[in-house]
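A.B. asks:
Residue numbers (our numbering): 27 to 375.
(1) According to DSSP, simplified to helix, strand and coil, what is residue 193?
(2) Can you check whether the CB of residue 188 is closer than 8 angstroms to the CB of residue 241?
(3) I'd like the list of long-range same chain contacts for residue 105, defined as Cβ closer than 8 angstroms, with 5 residues on each side in sequence excluded.
(4) According to DSSP, is residue 165 part of a helix, a strand, or is it coil?
(5) Go ahead and label residue 68 buried or exposed: buried means 16 or more other beta carbons lie within 10 angstroms of its beta carbon, across all protein chains shown.
(6) With a threshold of 16 other CB atoms inside 10 Å of the CB of residue 205, please say whether the residue is buried or exposed.
(7) Can you list the alpha helix (DSSP H) stretches of 4 or more residues lying completely in the stretch 41-110, in chain order?
(8) Quick one: measure Cβ to Cβ for residue 148 and residue 193, integer angstroms, because I've assumed they're closer than 8 angstroms.
(9) Is the beta carbon of residue 63 closer than 8 angstroms to that of residue 72?
(10) Who are the near neighbours of residue 91 in its chain, counting only those whose CB is closer than 7 angstroms to its CB and skipping five residues on each side?
(11) Below 8 angstroms on the Cβ atoms is my contact criterion, and I expect residue 203 with residue 167 to pass it. Report the Cβ-Cβ distance as a whole number of Å.
(12) Can you name the start and end residues of the alpha helix (DSSP H) that residue 292 belongs to?
(13) Beta-carbon separation of residue 47 and residue 117 under 8 angstroms?
(14) Relative to the C-alpha of residue 33, which residue among 84, 52, 50, 103 is closest?
(15) In whole angstroms, what separates the C-alpha of residue 352 from that of residue 346?
(16) Let me make sure I understand the geometry here. Which of 313, 126, 145 has the alpha-carbon closest to that of residue 31?
(17) Need the endpoints of the beta strand (DSSP E) that residue 328 sits in, please.
(18) Sort 293, 200, 291 by Cα distance to residue 161 and report the nearest one.
(19) Is DSSP giving residue 231 helix, strand or coil here?
(20) Just to confirm before moving on: does the CB-CB distance between residue 343 and residue 131 stay below 8 angstroms?
(21) Taking just the CA atoms, how far does residue 224 sit from residue 52?
(22) Identify the continuous alpha helix (DSSP H) that holds residue 301 and give its terminal residues.
(23) Does the distance from the CB of residue 245 to the CB of residue 291 come in under 8 angstroms?
(24) Please tell me whether residue 313 and residue 301 are closer than 8 angstroms, where the distance is taken between their beta carbons.
(25) Just confirm the distance between the C-beta atoms of residue 137 and residue 165, as a whole number of angstroms; I'd bet it's less than 8 angstroms.
(26) In whole angstroms, what is the alpha-carbon distance linking residue 74 and residue 86?
(27) Within 10 angstroms of its Cβ, does residue 269 collect 16 or more other Cβ (buried), or is it exposed?
(28) Less than 8 angstroms between the C-beta atoms of residue 309 and residue 267, yes or no?
(29) Take the Cβ of residue 366 as the centre, count every other Cβ of all protein chains shown within 10 Å, and call the residue buried at 16 or more, exposed below.
(30) Does the Cβ-Cβ distance between residue 329 and residue 361 come in under 8 angstroms?
(31) Do residue 259 and residue 135 have their C-beta atoms within less than 8 angstroms of each other?
(32) Measure the Cβ-Cβ separation of residue 216 and residue 256 and say whether it is below 8 angstroms.
(33) Could you give the residue range of the beta strand (DSSP E) that holds residue 207?
(34) Is residue 253 closer than 8 angstroms to residue 191 when the C-beta atoms are compared?
(35) What is the DSSP secondary structure of residue 338, reduced to helix, strand or coil?
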C-alpha cells in the first residue's frame with residue numbers, strides 16, 4: 027500500500043495509474059487538473075477550503091477529487107488511490123520511480139506561449155510552472171520560418187526578451203529563461219540571426235519541414251544543426267506523430283518517423299554537447315524507445331520537456347519521465363535536473 031502523500035501528489039499518482047491502465051483521457055485529465063488547482067493554493071488557503079467544505083467551489087475540483095484531497099490532507103492514503111493500487115499492483119513500483127525521477131526535474135526547456143502557437147500568455151505559463159514546483163522554464167516560441175505557428179521575427183523576439191526581463195523581476199526567484207524553438211532549415215542552418223541566438227539562454231533546434239526527405243539528406247541536415255554552437259537541445263528528433271491532433275489550421279494525421287542515421291546524429295550530440303530531447307507530448311513521445319535506448323548507450327545527455335502549448339500540458343512531463351525510466355536514462359544525464367545557474371553554465375546562456 028502507498029505511503030501518505032501530499033494532496034497534489036496523491037492526485038497525480040492516481041492520474042498516472044489511470045493513464046497507465048488506459049482509462050479514458052477525461053478521467054485522467056480530471057485528476058491532473060485538480061492537482062494543478064491544489065498546487066496553486068497556499069497551505070492556509072487549502073486548509074480553509076477543507077474546513078469550510080468549499081473545495082468543490084474551485085473550478086477543476088469535483089466530488090471525487092475533493093475526497094482525495096481531504097483524505098490526503100489528513101495524512102491518510104485516499105480510499106480511491108488504495109483501490110487503484112490494489113487493482114493495478116503491477117504499476118505501483120513504476121509509479122514510485124516516476125514520482126522520484128520527476129521530483130528531480132527543476133524545470134521545462136520547451137514550451138510555447140500565445141506569442142507563437144501557444145494558447146496562454148507568458149505569465150500564465152510561468153505561474154503554472156511555479157505551481158507544479160518548477161524553479162524555471164525556458165520560453166521557446168517558434169522561429170519566423172514557421173509562419174503557420176506565428177513564428178517570431180527578430181523584431182518580435184527582441185520585444186519578447188524585454189517582456190521576459192520585466193516578468194523575471196516580478197516572479198523572482200522563479201526564472202523564465204529566454205529561448206526559442208528554432209527551425210532547422212533544409213541546409214541545416216538555424217532560422218534566426220546569430221546575434222539573437224547568442225543572446226538566448228536555451229535554443230531548441232527542431233525539424234518541421236520536408237520530414238520525408240531521404241535519410242542521407244536528413245542526416246546531413248541534422249548533423250549541421252547539432253554542430254551549430256548555438257544549439258543546446260535537439261527537439262523531437264524523428265518528427266513522428268503517433269496519433270492525430272487538432273491544430274488551429276486543422277487536423278494533422280499520424281505520421282511516421284523521419285529517416286536518418288541515428289548513430290551519427292546522437293554521436294554528434296555527444297561530440298558537440300547537444301542534449302537529445304525526450305518530448306513528452308502524448309502524440310509525439312519522441313524519440314521512440316529503441317532510439318532513446320540507443321542515445322543512452324552512445325552517451326547522450328537529455329532534456330525531458332513537455333512542448334506544452336497550454337498550462338495544463340506542463341504536467342505531461344510525467345510521460346517523458348516514464349519513458350526515461352523504461353530506457354534506463356541516468357538522472358544525472360538529464361540537464362533540467364540542474365539548477366538554473368548550472369544549466370546556464372552548460373548552455374553558455
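In this text, a Cβ means the ideal position worked out from N, Cα and C, and glycines have one as well. Computed from a prediction, not measured in an experiment: that's the story for all the values here.
C.D. replies: According to the data block:
(1) Position 167 of the chain shown holds residue 193. Reduced to three states, the DSSP call for residue 193 is helix.
(2) Counted from its first residue, the chain shown places residue 241 at position 215. Counted from its first residue, the chain shown places residue 188 at position 162. It is not a contact, given that the beta carbons lie outside the stated cut-off.
(3) By 1-based counting over the chain shown, the position of residue 105 is 79. Listed in chain order, the non-local C-beta contacts of residue 105 below 8 angstroms within the same chain comprise 93, 97, local neighbours out to five positions each way being set aside.
(4) The residue labelled residue 165 in the question sits at position 139 within the chain shown. In the three-state scheme derived from DSSP, where H, G and I count as helix and E and B as strand, residue 165 is classed as strand.
(5) Along the chain shown, one-based indexing puts residue 68 at 42. Result: exposed.
(6) The sequence position of residue 205 within the chain shown is 179, counting from 1. Counting Cβ neighbours within 10 Å, residue 205 comes out buried, since at least 16 surround it.
(7) Entirely contained in the stretch 41-110, the alpha helix (DSSP H) runs reaching 4 residues are, in chain order, 51-65, 69-77, 89-99.
(8) Along the chain shown, one-based indexing puts residue 148 at 122. Along the chain shown, one-based indexing puts residue 193 at 167. Taking 8 angstroms as the upper bound for CB-CB distance, residue 148 and residue 193 are in contact here, some 6 angstroms apart.
(9) Working through the chain shown from its first residue, we reach residue 72 at position 46. Working through the chain shown from its first residue, we reach residue 63 at position 37. No. Outside cutoff.
(10) The residue you call residue 91 lines up with position 65 of the chain shown. Cβ neighbours of residue 91 beyond the five flanking positions: 37, 56, 57, 60.
(11) Locating residue 203 in the chain shown gives position 177, counting from the first residue. Locating residue 167 in the chain shown gives position 141, counting from the first residue. Contact between residue 203 and residue 167 is absent: CB atoms are separated by about 13 angstroms, not below the 8 angstroms threshold.
(12) For the purposes of this step, residue 292 is taken as the residue at position 266 of the chain shown. 288-298 is the span of the alpha helix (DSSP H), which, as asked, contains residue 292.
(13) On the chain shown, position 21 is the one that residue 47 refers to. On the chain shown, position 91 is the one that residue 117 refers to. Contact flag set, yes.
(14) The residue labelled residue 33 in the question sits at position 7 within the chain shown. It is 103 whose Cα lies nearest to the Cα of residue 33.
(15) Start at 1 with the first residue of the chain shown, and residue 352 comes out as number 326. Start at 1 with the first residue of the chain shown, and residue 346 comes out as number 320. Straight-line spacing of the CA atoms in residue 352 and residue 346 works out to 10 angstroms.
(16) The residue labelled residue 31 in the question sits at position 5 within the chain shown. For residue 31, the nearest C-alpha among the options comes from 126.
(17) Here residue 328 refers to the residue found at position 302 of the chain shown. Its beta strand (DSSP E) spans residues 328-331.
(18) On the chain shown, residue 161 is found 135 positions in, with the first residue counted as 1. The residue from 293, 200, 291 with its alpha-carbon nearest to that of residue 161 is 200.
(19) To locate residue 231, count along the chain shown from 1; it is residue 205. Collapsing the DSSP output to three states places residue 231 in a strand.
(20) As a position in the chain shown, residue 343 is number 317, starting the count at 1. As a position in the chain shown, residue 131 is number 105, starting the count at 1. For the 8 angstroms CB-CB criterion, residue 343 and residue 131 form a contact.
(21) On the chain shown, residue 52 is found 26 positions in, with the first residue counted as 1. On the chain shown, residue 224 is found 198 positions in, with the first residue counted as 1. Rounded to the nearest whole angstrom, the C-alpha separation of residue 52 and residue 224 is 42 angstroms.
(22) Start at 1 with the first residue of the chain shown, and residue 301 comes out as number 275. Note, residue 301: premise wrong, no alpha helix (DSSP H); beta strand (DSSP E) at 301-305.
(23) What you label residue 245 is simply residue 219 of the chain shown in a count that begins at 1. What you label residue 291 is simply residue 265 of the chain shown in a count that begins at 1. Taking 8 angstroms as the Cβ cut-off, residue 245 and residue 291 qualify as a contacting pair.
(24) In the chain shown, counting from the first residue as 1, residue 313 sits at position 287. In the chain shown, counting from the first residue as 1, residue 301 sits at position 275. Contact: no.
(25) Position 111 of the chain shown, counted from the first residue, corresponds to residue 137. Position 139 of the chain shown, counted from the first residue, corresponds to residue 165. About 7 angstroms; that satisfies the 8 angstroms criterion.
(26) The residue you call residue 74 lines up with position 48 of the chain shown. The residue you call residue 86 lines up with position 60 of the chain shown. Distance between the alpha carbons of residue 74 and residue 86 is about 17 angstroms.
(27) Taking the first residue of the chain shown as 1, we reach residue 269 at position 243. Exposed: under 16 other Cβ atoms inside 10 Å.
(28) The residue you call residue 309 lines up with position 283 of the chain shown. The residue you call residue 267 lines up with position 241 of the chain shown. Contact: yes.
(29) In the chain shown, the residue the question calls residue 366 occupies position 340. It is buried - the Cβ of residue 366 has at least 16 other Cβ atoms within 10 Å.
(30) If you number the chain shown from 1, residue 329 lands on position 303. If you number the chain shown from 1, residue 361 lands on position 335. Result yes, Cβ atoms of residue 329 and residue 361 sit closer than 8 angstroms.
(31) For the purposes of this step, residue 259 is taken as residue 233 along the chain shown, with counting starting at 1. For the purposes of this step, residue 135 is taken as residue 109 along the chain shown, with counting starting at 1. In contact: residue 259 and residue 135 (Cβ atoms closer than 8 angstroms).
(32) Taking the first residue of the chain shown as position 1, residue 216 is located at position 190. Taking the first residue of the chain shown as position 1, residue 256 is located at position 230. A Cβ-Cβ contact shorter than 8 angstroms links residue 216 with residue 256.
(33) Against the chain shown, residue 207 aligns to sequence position 181. Unbroken beta strand (DSSP E) run through residue 207: 201-209.
(34) The residue given as residue 191 occupies position 165 in the chain shown. The residue given as residue 253 occupies position 227 in the chain shown. No. Outside cutoff.
(35) As a working mapping, residue 338 is identified with position 312 in the chain shown. It is helical.
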